[in-house]
Amino acid sequence: MSVATEAAHIRDLFDTIEELEAVASSLSVDDERRHRLDGVVAKTLRQAPPVRPVVAGELLDLTEKTVKAWAREGVLAIHSQEPRMLLDTVRLHEVLHLVSDLRRAGKTRGLIDEVHRRLSDQSLLDRQDLANSLDEMRSGRGRVVRPV
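The numbering used here runs 313 ahead of the 1-based position in the sequence shown.
Here's what the structure looks like:
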């Protein structure tokens, strides 16, 4: 399959995912339909085939060399290395969101550092223990712990 054809297939998949995400975000956080749609999005992305770096470059508007460097740095997740490098579609979708947001904000240089920072921040925010600690702090139930 050609790079253009493969990129078009992945772009169509991501467009469908974007529509589902938009509908899900229009529902309240505690609405069961929102959780179901989020589940469909996650399942669809997990079932999508891995993506070649050249195709990811086409989608991200980056060179294949840059995409491979981002994969080596851990910004893009490598699905498999042999017989050729293939990238994880779930992470590619997440990075595509971040890169699009950054470009809309006028950021064009140092994208890898900014994307890496945002992914790191999100991984912290996704931790349940941090969410519990923040809830305790907001409600005044937390306790101050000072290093010795």
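Virtual Cβ for every residue (Gly too), placed ideally from N, Cα, C.
- Query: What residue does the beta strand (DSSP E) around Ser393 start on, and which one ends it?
  - Reply: Counted from its first residue, the sequence shown places residue 393 at position 80. Run containing Ser393: Ile391 to Ser393, per the beta strand (DSSP E) assignment.
- Query: Can you pull the DSSP bridge partners for Val364?
  - Reply: If you number the sequence shown from 1, residue 364 lands on position 51. Paired residue(s): Leu400.
- Short Cβ contact (8 Å threshold) for Leu358 with His392: By 1-based counting over the sequence shown, the position of residue 358 is 45. By 1-based counting over the sequence shown, the position of residue 392 is 79. No, Cβ-Cβ distance for Leu358 and His392 is not below 8 Å.
- Message: Determine whether the beta carbon atoms of Val388 and Ile425 lie at a separation below 8 Å.
- Response: Here the question's residue 388 lines up with position 75 in the sequence shown. Here the question's residue 425 lines up with position 112 in the sequence shown. For Val388 and Ile425, yes; Cβs fall inside 8 Å.
- Check whether the Cβ atoms of Leu372 and Leu409 lie closer than 8 Å to each other. Mapped onto the sequence shown, residue 372 falls at position 59. Mapped onto the sequence shown, residue 409 falls at position 96. Cβ distance < 8 Å, so Leu372 and Leu409 count as in contact.
- Task: Quick one: using the 10 Å Cβ neighbour count with 16 as the cut-off for buried, is Gly370 buried or exposed?
- Result: Residue 370 sits at position 57 when you count from the first residue of the sequence shown. That one is buried.
- Roughly how many whole angstroms lie between the Cα atoms of Gly453 and Phe327? Counting from 1 along the sequence shown, the entry for residue 453 is found at position 140. Counting from 1 along the sequence shown, the entry for residue 327 is found at position 14. Cα to Cα, the separation comes out at about 42 Å.
- Query: Arg322 to Gly423, Cα distance in whole Å?
  - Reply: Position 9 of the sequence shown, counting from 1, holds the residue named residue 322. Position 110 of the sequence shown, counting from 1, holds the residue named residue 423. A small fix is needed here, since residue 322 is His in this sequence, not Arg. Rounded to whole angstroms, His322 to Gly423 spans 29 Å at the Cα level.
- Query: When DSSP labels each residue in this structure, what does Leu443 get in the three-state scheme?
  - Reply: To locate residue 443, count along the sequence shown from 1; it is residue 130. Helix.
- Item | Enclosing alpha helix (DSSP H) for Ala335 [first to last residue] | The residue labelled residue 335 in the question sits at position 22 within the sequence shown. Where Ala335 is concerned, the enclosing alpha helix (DSSP H) stretches over Val316 to Ser338.
- Task: Locate the alpha helix (DSSP H) running through Val428, then write down its first and last residues.
- Result: By 1-based counting over the sequence shown, the position of residue 428 is 115. Where Val428 is concerned, the enclosing alpha helix (DSSP H) stretches over Leu424 to Leu438.
- Task: Compare the C-alpha of Ala317 against each of Glu345, Arg451 and Val368 and name the closest.
- Result: Taking the sequence shown and counting its residues from 1, the one referred to as residue 317 is at position 4. Closest option to Ala317, Cα to Cα, is Val368.
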